[in-house]
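Under our numbering, the first residue of the sequence shown carries the number 355, and numbering increases by one thereafter.
Just so you know, even glycine gets a beta-carbon here, dropped at the ideal spot from N, CA and C.
Working notes, structure below.
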Amino acid sequence: MDVTAMPPLPSPPDSVTEPDGSAVIRVLSYNIRSLRDDEEALARVIRACAPDLVFVQEAPRFFRWRKHAARLAAKCDLVVLSGGATAAGPLLLCSLRAFVERTQDVLLPLTPGLHRRGFATAVVRFGSVRVAVLSAHLSLDAAERRTQAELLLSRIGSADAPYAIAAGDINETPSGPAFRRLSTALQDCWTVSPWGGEHTFVRSGPPRRIDAIFATPGVEVLTCGVPVGLEGITESDLSAATDHLPVLAALRLPAHP
Numbered sequence: 355m356d357v358t359a360m361p362p363l364p365s366p367p368d369s370v371t372e373p374d375g376s377a378v379i380r381v382l383s384y385n386i387r388s389l390r391d392d393e394e395a396l397a398r399v400i401r402a403c404a405p406d407l408v409f410v411q412e413a414p415r416f417f418r419w420r421k422h423a424a425r426l427a428a429k430c431d432l433v434v435l436s437g438g439a440t441a442a443g444p445l446l447l448c449s450l451r452a453f454v455e456r457t458q459d460v461l462l463p464l465t466p467g468l469h470r471r472g473f474a475t476a477v478v479r480f481g482s483v484r485v486a487v488l489s490a491h492l493s494l495d496a497a498e499r500r501t502q503a504e505l506l507l508s509r510i511g512s513a514d515a516p517y518a519i520a521a522g523d524i525n526e527t528p529s530g531p532a533f534r535r536l537s538t539a540l541q542d543c544w545t546v547s548p549w550g551g552e553h554t555f556v557r558s559g560p561p562r563r564i565d566a567i568f569a570t571p572g573v574e575v576l577t578c579g580v581p582v583g584l585e586g587i588t589e590s591d592l593s594a595a596t597d598h599l600p601v602l603a604a605l606r607l608p609a610h611p
């Protein structure tokens, strides 16, 4: 696993916001493969990342899915924010630092013969700083994936918040058209400030980056990458937790008039 030099990861302050009114938050994106792997290892990885927001893909969608989501959140000292089966898999978790203004689960148009997709969305506040958030898992079909990227940008563009963060499993590498479209309109946080590891899928084929965190202009990207070497995270837990590797970003949300 290639690793970019790792400066200390900025930690969220004890208070909700910094003296200048900005908020420093940790954001984690993670495909958890419907909790089919080692849930205890998964929870250890998430807790070690100490996230304020977790953008989950492939959350449980069937029997007692709400119970499974709540159990995972509790193990990670988080709460369920939105999503799950009602968003066709994407899920949002948050820490108690986040004040929730509203949530909405969005089902995307269904293409016959393909898996139903959706977005888990919310607007939250850290102190007085408001941010829209969206968790997504784009299609395996290239044409549908490109359409869904446009729907994601449309959703972000219509959010009533000064900043927005979108994260998820893009199902293609940065050279793909959907990924390129997203990284043209939004900040690809890994590209802006790489930290830790780059590749998020290493189980089969060449190692590649198919999971990402994006942010609108104005959000300051402090660090972003796979949290290899972070205290409390072991290679064995990363391997046992799920078939994807997580992406962790530290972001500063400036105070907004």
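Check, Outcome
"Per-residue DSSP class, three states only, for residue 543", "helix"
"With 16 other Cβ atoms within 10 Å as the buried cut-off, status of residue 469", "exposed"
"Interface flag, residue 456 vs chain B, CB-CB below 9 Å", "The structure shown has no chain B; it contains just one protein chain."
"Cβ shell of residue 453 (< 8 Å), same chain only, five flanking positions each side left out", "478, 479, 480"
"Proximity below 9 Å, CB of residue 566 to CB of residue 554", "yes"
"For residue 379 and residue 407, believed in contact at Cβ under 8 Å, the rounded distance", "7 Å"
"Euclidean distance between Cα positions of residue 401 and residue 474", "21 Å"
"C-alpha gap between residue 524 and residue 536, whole angstroms", "10 Å"
"Sequence-distant residues of its chain with Cβ nearer than 6 Å to residue 375 (five each side left out)", "609"
"Endpoints, the alpha helix (DSSP H) within which residue 457 is located", "Element bounds for residue 457: not the alpha helix (DSSP H) but the beta strand (DSSP E), 453 to 461."
"DSSP bridge partner residues for residue 574 (one or two, in chain order)", "606"
"DSSP-derived helix/strand/coil call for residue 416", "coil"
"Straight-line Cα distance separating residue 528 from residue 519", "18 Å"
"Separation of residue 549 from residue 355, as counted between CA atoms", "Reliability of the predicted coordinates at residue 355 is poor, the pLDDT of 49 falling under 50, and no value is obtained from them."
"Sequence-distant residues of its chain with Cβ nearer than 6 Å to residue 388 (five each side left out)", "412, 414"
"For residue 485, the first and last residue of its enclosing beta strand (DSSP E)", "483 to 491"
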